[in-house]
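Positions -19 to -1, 1 to 559 (mature numbering (1 follows the signal peptide of the UniProt record, and there is no 0)) are the ones given, in order, by the sequence shown. We put the beta carbon where it would ideally sit given N, CA and C, even for glycine. Since the structure comes first, as structure tokens, the remarks are kept for the end.
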Amino acid sequence: MMLFSKLWVALTILGIVDALCTESLWSNRINYHGQSTCKEPTYYMNGLQRDHLQQNDGLHLLKGAVCCSAPSRFLQSDNLVLYKDWTYVLEEKNDIWANCPEGYFLHGLQRSQNEDGVNYLHNIEYARCVKPSNHPHYYGDCYAQNITFNKQGVFSCKTNFFITGIHKVKGDYLHHIDKLYCCAMEEEPEIVYDVDTFKRVIMENTMNNLVRLAMALGYGHCAGNKAIYVGDDFYRDGDSWIADHRLFWGDKKCNGEKCEERLKIDYLDWSFNMKDIIYSNGVIDELKPERVYEMGFQNNQNNNVTKTFEYKNAFSSSITHSTSISKKTSFEYTVSMEVDAKFISKIKGSIMMAFENSELYKTEMGSKNGEELVDRINYSIPAQTFAKYKVFLSKIRTTTPYTAIFIAKFNVRFTGMLRYGGGYASKMTNFHYQYKGSTERPSFTYTFGDDSDAFYTALKLQSRNRAMPWLWKDIFKNSDRIRDIINSLTNETKYQFILNGKFEQVYGKSIHSLVDLTKLRSPSVRRKRQTETFYVNDTFIAKAGPDDKPVEVNYPEISLQEISPIELEPILNDPDSS
């Protein structure tokens, strides 16, 4: 079992323009085995504070960190915490950057155990890296801040920038840190271009509450082996979150009862379904006439010839469908999935089916299909003249905008060990009707959701009806916030996105013709009959042409239910409770 230590001696409010900053003093704790972090779980390191330069310029002179709050839109977000292995990065021989993963910000440092009591940069084992769950995996602006880290003082990034990495030159002393990599949080919502990213966004924004739900049910080891708080130190493997049992230094095996059997959360059987669609009034405009037929006739005679041209055609209308997804959801990200052809084709199929079954289509658009139009003209063609007969189709376009709500459906499976927690009467035991208080700490897998009900529907029904195998009465009695967590997880708005689109139907309104005449250069003596009639029978599909610009439309407004974030106090990870 790892021991984690944190000590904050002073808390100083450092007011700056947009963020609230505190000074977390570590005293000599950085010189001992354990983690030294920002005091506030939702603050991020903006600067480092060191003491006077000494001959033995070790970690004991790193006095603390300046930590600042995130921009307002991230303040009430859950945090994702992972640990970046810096075990070998900060070795004395290296001139190198040590960074958090993209999109994460430095929150603390873990020092390894050193028996001789002398601690330098190479003793920093890993970085505690944190990001708001609704922050993308990239930054806003970034820059490298040069520092002269050989004197007492605070060495910080600019206002509203946070440390994401440090650079050291060759050497092992504290003053060999010469740069901070500083990044601002990305203020613009993330653009989701594909279904995999959309799934990731959902997984990142539900992970912490799912971990708390699993803990309330009675699962043990609801954090990784390096964690300070419940929910820390999970890594993503495909569509799963796994609490990490691995260590980075020395003995890489964890200690404790079933310490490698940590909580795993699987997201299963994903699908995306249309929940609702609303149409607004169509916009009607007239398109440029299109030439649909032409033929030539040459009058080689020395007298006028009357020709009868007749064009008859059944015109079929065309319907095109385009999408433009650009609405914020409750997670404050922007969805734009047009580039994911496979995903959007499935969505378009369900939208087209709904459209063709709508009253709007049946009463206004369906009747426009297959109308037959006829043009007949008798024309006197002068002697020694070439006549070109052209038929033009006048087209009408009706553009119907819509707004649709789609929802992601999936199931959630917990796999892990059920806690003993001190026996049947203990609040720390599990709440399975069969295993409550069991010293066996059984492995148990449970899934919320099935083919008929999504995870959030199943969780709502089971918790409301107090369905087995969980002892919901005891669960609600034991945890005063579990109702809030369940309400948050079962709020379907979390899993919805809004799609704007439009249908464009183009149909033939009428046809008209004209005849162009060109004088023949040399007379011909070939004679033909005095009159001829030409009939054309085929099918033509009316479409918008390249010069027909799309019309501007107003999409129906749909407001997703606002989600009030729940503020939960962090729960310290207690390996003994498992």
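Asked                                                                                                                                                             : Found
Using the DSSP secondary-structure output, state which residues sit across from E485 in a beta bridge.                                                            : T301, T380
Compute the Euclidean distance between the alpha carbons of R400 and H156, then round it to the nearest angstrom.                                                 : 46 Å
By the three-class DSSP mapping on this structure, what secondary structure does Y200 have?                                                                       : strand
Which residue from L440, K530, S50, Q35 puts its Cα closest to that of V393?                                                                                      : L440
At the level of alpha carbons, what is the spacing between K207 and S540?                                                                                         : 41 Å
Could you tell me the boundaries of the alpha helix (DSSP H) in which F436 lies?                                                                                  : 436 to 446
If you check the beta carbons only, do L61 and K112 fall under 7 Å apart?                                                                                         : yes
What does the Cβ neighbour count give for N254, buried or exposed, with the cut at 16 atoms within 10 Å?                                                          : exposed
So, under 8 Å CB-CB, N64 and C19 are touching, yes? Tell me the CB distance rounded to an integer number of Å.                                                    : First, the amino acid is wrong: residue 64 is Tyr here, not Asn. Rounded, the Cβ-Cβ distance is 15 Å, inconsistent with contact.
Quick one: what's got a C-beta closer than 7 Å to L29's C-beta in the same chain, skipping five residues either side?                                             : L43, A46, F136
Count the C-beta pairs between the region 258 to 275 and the region 518 to 536 that are closer than 8 Å, then say yes if the count reaches three, no if not.      : yes
Can you tell which of S469, S53, T396 has its C-alpha closest to the C-alpha of L1?                                                                               : S53
Inspect the CB distances between the region 475 to 491 and the region 297 to 304 and report whether three or more fall short of 8 Å.                              : yes
Along the chain, where does the beta strand (DSSP E) that runs through D465 open and close?                                                                       : Careful: D465 lies outside any beta strand (DSSP E), inside the alpha helix (DSSP H) at 463 to 470.
Using the Cα positions of N481 and V534, report the straight-line distance between them to the nearest angstrom.                                                  : 11 Å
If you reduce the DSSP assignment to three classes, tell me which class M(-18) lands in.                                                                          : Because the pLDDT of M(-18) is 38, which lies under 50, any placement of that residue in the model is unreliable, and the question is left without a value.
Work out the CA separation of T499 and N284 for me, nearest whole Å.                                                                                              : 15 Å
Per DSSP, which residues does P113 bridge with? Please list them.                                                                                                 : N60
Keeping to the same chain, check which residues put their C-beta closer than 6 Å to that of A435; ignore five residues upstream and five downstream.              : K390
For V506, which residues from the same chain have a beta carbon less than 6 Å from its beta carbon, with the 5 sequence-adjacent residues on both sides left out? : Note on V506: pLDDT 47, under 50, position unreliable in the model; the coordinate value appears next. Answer for V506: no residue qualifies.
In angstroms, rounded to a whole number, what distance separates the CA positions of L34 and N131?                                                                : 6 Å
Can you tell me where the alpha helix (DSSP H) holding D122 begins and where it ends?                                                                             : Note, D122: premise wrong, no alpha helix (DSSP H); not H, not E.
Under the three-state reduction of DSSP, which class applies to D455: helix, strand or coil?                                                                      : helix
Do G146 and A79 have their beta-carbon atoms positioned less than 7 Å apart in this structure?                                                                    : yes
For T140 and N27, I'd like the C-alpha separation in whole angstroms.                                                                                             : 8 Å
Skipping 5 residues on each side, what residues in its chain have a beta carbon closer than 7 Å to that of I358?                                                  : F290, S494
Quick one: what's I265 bridged to in DSSP?                                                                                                                        : T379
Y292 to S433, Cα distance in whole Å?                                                                                                                             : 56 Å
Quick one: grab the DSSP three-state call for P552.                                                                                                               : Note that residue 552 corresponds to Ile in the displayed sequence, not to Pro. DSSP places I552 in coil when its eight states are reduced to three.
Of all the options F367, Q365, S375, which has the alpha carbon lying nearest to the alpha carbon of V355?                                                        : S375
Starting from V532 and walking both ways along the beta strand (DSSP E), at which residues does that stretch end?                                                 : Neither: V532 is in no beta strand (DSSP E) and is coded neither H nor E.
Could you tell me if Q91 is buried or exposed, where buried requires 16 or more neighbouring beta carbons within 10 angstroms of its beta carbon?                 : buried
Indicate the three-state DSSP secondary structure (helix, strand or coil) for Y183 in the structure shown.                                                        : Reading off the sequence shown, one finds Ile at residue 183, where the question assumed Tyr. Three-state result, I183: helix.
Does the beta-carbon of Q415 have 16 or more other beta-carbons within 10 angstroms, so that it is buried, or is it exposed?                                      : exposed
What are the boundary residues of the beta strand (DSSP E) that Q30 is part of?                                                                                   : 24 to 31
What residues in its chain sit with their C-beta under 6 Å from that of residue 567, if we drop five residues either side in the sequence?                        : Coverage of the chain is limited to positions -19 through 559, which leaves residue 567 absent and any answer about it impossible.
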